Amino acid sequence: MNSKKKLSGEFGFMGSDSPGGQGEFISILPPDEEQENEDDKIPNKLPILPLRNTVLFPNTVIPITINREKSVKLISDAEKSDRKIGVVAQRSQDIDDPEPENIFEIGTVANIIKKIKLPDDNTMVIIQGITKFKIKNLVNTEPYLLAEIELKKAKKFKTNKRIEGMLSTMKDMAKQIINLSPNIPKEASIALDNIDVPMFLINFIASNLNIGVKEKQEILKIEDVPTKISLILKHLNQELEMLKIKNEIHSKVKTDLDKQQRDFFLQQQLKEIHEELGTSSPEKDFEDFKKRGKKKKWDKKTKELFDKELVKLHRTNPAAADYSVLANYVELLLDLPWNVYSKDNLDLDKAQKILDEDHYGLEKIKERILEYLSVIKMKGDMKSPILCLHGPPGVGKTSLGKSIARAMGRKYIRMSLGGLHDEAEIRGHRKTYIGAMPGRIIQSIKKAKTSNPVIVLDEIDKVGNDYKGDPASALLEVLDPEQNSTFYDNYLEMEFDLSHVMFVATANTLNTINPALRDRLEIIDLSGYLLDEKIQIAKKFLLPKQRKMHGLNTKHIMLNEQIISSVVEDYTRESGVRSLEKTIAKICRYQTKSFLSNSKDFIKNVNAEKLFKILGPKIFEKDTYKVDNFPGVVTGLAWTPVGGDVLFIEVNVAPGKGKLNLTGTLGDVMKESALLAYTYLKSHYQDFKIDSSAFENWDIHIHVPEGAVPKEGPSAGITILTALVSIFTQRKVNSKYAMTGELTLRGIVLPVGGIKEKILAAKRQGISDIILCASNRKNIEDINKKYLEGIKFHYVKMAKEVIDIALEKNKIKNPININNPEFAKKKKK
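For this note's numbering, count along the sequence shown from 1 and bump the result up by 74.
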């Protein structure tokens with residue numbers, strides 16, 4: 075219940091239409107017959123006065139302060155009329171000018187008893203509640219709220235033994251609260267004893283409850299008397315229990331003590347509170363830290379630091395702000411696995427078996443892991459290399475890191491670096507900062523509970539930098555085997571040995587990796603999978619996994635190699651197998667639904683007809699783009715972050731003045747390649763038997779289809795030149811040919827990257843011949859022979875060789891006579 079002060083010989087509650095009303099006891103005056111008759115005189119329209127911090131109950135008298143212009147105007151107008159107003163509570167105290175939706179619908183009709191002008195220019199108004207009402211309709215909002223109301227007169231009820239008992243209990247609990255609260259005058263009990271009318275008693279106690287506006291409004295709203303009393307008893311009980319707890323705690327320490335005794339008893343009291351709450355006390359924490367410290371395998375330097383910090387923690391007052399900082403630091407020292415290492419699995423045959431179980435193919439990376447284990451087994455220890463698995467999405471880079479940890483018998487931790495901009499995420503924050511914490515490297519070691527886990531640094535190519543620092547630079551120390559034995563974390567403020575940790579980074583592209591960081595990485599390429607490999611991956615890994623995830627088994631779904639091949643080639647053309655897994659999941663969902671719904675067309679062996687029904691028409695076709703019917707159209711090979719792709723270059727001519735147009739969302743480098751190829755052609759037109767006038771009479775348009783997709787890089791140089799020569803000579807290029815290579819102004823063909831990815835893309839498209847720079851021969855020799863099956867390579871050094879290989883000897887039927895100036899003029903007309 076609220077504290078109270080004397081106000082003109084009565085107890086009252088100071089309400090307010092402004093923030094921060096003064097809380098006081100509420101007076102209740104039993105109505106006489108004249109007041110009861112006033113109910114009939116209440117008009118059906120009343121001005122509405124919103125109150126911020128209280129609820130007015132019928133028959134209660136409260137003083138309120140008003141300072142809103144609308145409220146002052148309302149009171150002034152009401153005084154001139156019948157002094158009747160409607161008082162409602164606001165839903166939120168923060169609103170200065172409440173709209174209709176900001177006030178409660180149920181309020182109390184009030185009579186203005188007196189208005190008093192205060193020294194601070196505010197106005198105090200003493201009002202008395204008469205009866206409840208409900209707002210039916212808002213008539214006006216200016217100059218103040220005016221509403222059409224419906225009176226909610228208190229229903230007469232007959233008392234029985236149950237209600238009498240509840241009223242008696244309510245009165246007794248209210249007296250106990252008055253006796254226990256030092257801020258409530260004992261005379262308030264007299265006021266309770268003098269109330270013998272049930273509804274007056276209910277309103278009096280409800281008005282003085284120490285609860286919020288919403289809770290009081292709920293009590294006001296309730297019509298059923300027993301329900302209203304039950305809710306009041308609930309709030310009284312909560313308040314009474316809180317006062318008992320406060321007084322109980324206060325009584326335990328209420329004595330005059332000197333400072334030393336006072337501190338001792340306060341500590342005892344705090345200890346009792348901890349025991350009551352079931353939490354640990356500072357003294358108990360200290361003893362626990364000390365015991366744990368004795369079990370750690372500290373080196374001398376770390377032990378000295380721990381002992382020093384533990385002594386400092388013991389001397390610090392638990393109420394001080396530094397106490398929690400010191401406690402967290404000491405706990406980190408204890409949680410870190412100092413000189414704790416898991417035992418490596420050095421059985422090479424078992425490791426090979428585990429790697430083969432988890433991933434199909436990837437012989438190179440598996441061979442590298444086995445080499446690493448061999449060296450450890452031979453030498454007993456070695457500084458861990460920093461492997462970087464480089465390749466397009468979905469080829470199994472991240473999951474391969476998990477397999478490495480499983481094969482070695484080490485703990486596995488994955489750290490996602492994508493979008494990381496804050497250097498403190500790697501090195502940690504200094505303890506002086508609020509909310510400081512160690513970096514993610516130290517947190518990962520703490521989580522692993524061993525000093526030699528396998529930590530996968532996922533998406534290392536997507537680390538950024540801004541005003542918060544450069545995380546990539548912070549990784550230089552972490553990923554240098556010569557430096558990471560003394561890795562320094564800002565929070566830890568001492569060196570931690572990371573040389574036993576095996577770091578495995580993953581990246582989609584190497585171009586965005588800091589050059590110094592890239593130099594520390596051992597790059598292992600995972601370019602993509604062939605059709606046969608994808609079929610085996612689907613059979614051995616993806617289909618069993620999706621069966622299990624969908625609650626299926628071999629009785630519900632079977633996919634043969636032909637169907638899987640169709641899924642791979644016709645629906646999921648990609649370097650990895652992520653889309654393939656999603657497509658298999660879609661097939662499993664369909665089978666689950668068909669099986670549970672007892673569908674007539676349910677068959678466990680998915681055939682071509684069923685596949686079409688589930689997945690729809692084919693998304694990819696091998697011959698989706700015919701190039702052998704038109705001159706000026708050439709197939710190129712491109713590298714993208716998601717693997718290799720086939721790129722078509724289109725060139726066409728129109729009568730004009732030799733203008734060159736480039737379209738297809740080309741990057742600056744690719745535009746330069748097009749200009750370079752055109753310039754080379756103009757300077758060597760005689761080599762290709764082109765008339766010089768053709769460049770003056772025909773406009774050239776170079777376009778790369780899929781215009782919404784950005785394209786960049788110099789590797790389309792010879793492809794663009796071939797397309798230009800093709801259109802000017804009207805000789806077409808065989809659709810089975812594709813090419814890649816950079817061109818110089820002297821006509822020299824330069825090597826390009828991403829050869830393996832481009833070869834995979836060519837095989838997916840059904841390409842049989844690839845033209846590329848002779849310097850790329852070494853890249854071909856490094857590729858597994860099974861990736862090269864069915865493809866013939868043509869190695870060139872000069873642009874003239876490309877044209878001789880790619881272009882057919884004869885012109886097309888009905889060629890455009892580009893070399894005839896008169897033909898161009900005729901076309902213009």
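The C-beta atom is built at its ideal place from N, Cα and C for all residues, glycine as well. Being a predicted model, the structure only gives us computed values, none of them experimental.
- request: Could you check the C-alpha separation between Glu346 and Ile519 for me, to the nearest Å?
  value: 37 Å
- prompt: Should the stretch 152 to 159 be regarded as contacting the stretch 311 to 319, the criterion being three or more beta carbon pairs within less than 8 Å?
  reply: no
- prompt: Could you give the distance in angstroms between the alpha-carbon of Leu410 and the alpha-carbon of Lys523?
  reply: 7 Å
Endpoints, the alpha helix (DSSP H) within which Ile879 is located: Ala873 to Ala880
message: With a threshold of 8 Å, are at least 3 pairs of Cβ atoms found where one atom belongs to the stretch 252 to 261 and the other to the stretch 207 to 224?
response: no
field: Where the alpha helix (DSSP H) containing His388 begins and where it ends
entry: Lys374 to Arg389
Asp19, DSSP secondary structure in three states: Past the edges of the chain, shown from 75 to 903, lies residue 19, and the structure says nothing about it.
field: Segment contact, 8 Å Cβ cut-off, at least three pairs: the stretch 475 to 482 with the stretch 417 to 431
entry: yes
- request: Report the three-state DSSP secondary structure of Ala401 (helix, strand or coil).
  value: helix
field: Length of the line joining the Cα atoms of Arg838 and Val641
entry: 13 Å
- prompt: How many Å lie between Glu98 and Leu491 at the Cα?
  reply: Because the pLDDT of Glu98 is 44, which lies under 50, any placement of that residue in the model is unreliable, and the number read from its coordinates should be weighed accordingly. Taking the straight line joining both Cα atoms gives about 59 Å.
query: Would you call the stretch 796 to 803 and the stretch 677 to 691 touching, i.e. three or more CB-CB distances under 8 Å?
result: no
- request: Please list, in chain order, all residues of the same chain as Phe722 whose beta carbon is under 8 Å from its beta carbon, the five residues on each side excluded.
  value: Tyr699, Val701, Val707, Val708, Thr709, Gly710, Val778 and Pro779
Length of the line joining the Cα atoms of Leu733 and Lys756: The question names Leu, but residue 733 in the sequence shown is Lys. Lys733 and Lys756: Cα-Cα distance of roughly 13 Å.
message: Measuring straight from C-alpha to C-alpha, what distance separates Lys834 and Asp856?
response: A small correction: the amino acid at residue 834 is Leu; Lys does not occupy that position in the sequence shown. Each residue's Cα considered, the two are about 15 Å apart.
message: On the CB-based measure, 16 or more other CB atoms within 10 Å of its CB, does Val783 come out buried or exposed?
response: exposed
- prompt: Of all the alpha helix (DSSP H) runs that stay within the bounds of the stretch 649 to 701, which reach a length of 4 or more residues?
  reply: 652 to 670 and 682 to 689
C-alpha gap between Phe510 and Val385, whole angstroms: As written in the sequence, residue 510 is Ala, which differs from the Phe given in the question. About 21 Å.
- request: For Thr793, count neighbouring C-beta atoms within 10 Å of its own C-beta (all shown protein chains included) and say buried if the count is 16 or more, exposed if not.
  value: buried
Within 8 Å, strictly: CB atoms of Lys227 and Lys208: no
message: Determine, for Ile845, whether the minimum Cβ-Cβ distance to residues of chain C falls below 8 Å.
response: The structure shown contains no chain C, having only a single protein chain.
Every unbroken alpha helix (DSSP H) inside the stretch 466 to 504 [4 residues or more]: 471 to 482 and 498 to 501
- request: Compute the Euclidean distance between the alpha carbons of Gln291 and Asn321, then round it to the nearest angstrom.
  value: 30 Å
message: Considering only the alpha carbon of each residue, which of Ala393, Lys374, Phe339 and Leu406 lies closest to Phe363?
response: Leu406
message: Assuming Val642 is part of the beta strand (DSSP E), what are its boundary residues?
response: Unbroken run through Val642 is the alpha helix (DSSP H), Glu635 to Tyr645; no beta strand (DSSP E).
query: Does DSSP put Val414 in a helix, a strand or coil?
result: coil
task: Counting only the same chain and skipping the five closest in sequence on each side, list residues whose C-beta sits under 8 Å from that of Arg236.
output: Pro300
- prompt: Pro555: which of Ile190, Asp593 and Asn888 sits nearest, CA to CA?
  reply: Asp593
query: In whole angstroms, what separates the C-alpha of Tyr403 from that of Ile515?
result: 16 Å
Bridge-paired residues (DSSP) for Lys189: Val199
message: Pull the bridge partners of Leu817 from the DSSP assignment, please.
response: Val823
field: Per-residue DSSP class, three states only, for Ile892
entry: coil
field: Buried versus exposed call for Arg501 [16 or more other C-beta atoms within 10 Å across all chains shown]
entry: buried
- request: Keeping to the same chain, check which residues put their C-beta closer than 6 Å to that of Glu224; ignore five residues upstream and five downstream.
  value: Lys208 and Lys210
- request: Using the Cα positions of Tyr562 and Gln167, report the straight-line distance between them to the nearest angstrom.
  value: 52 Å
message: So, with DSSP's three-state summary, where would you put Tyr218?
response: coil
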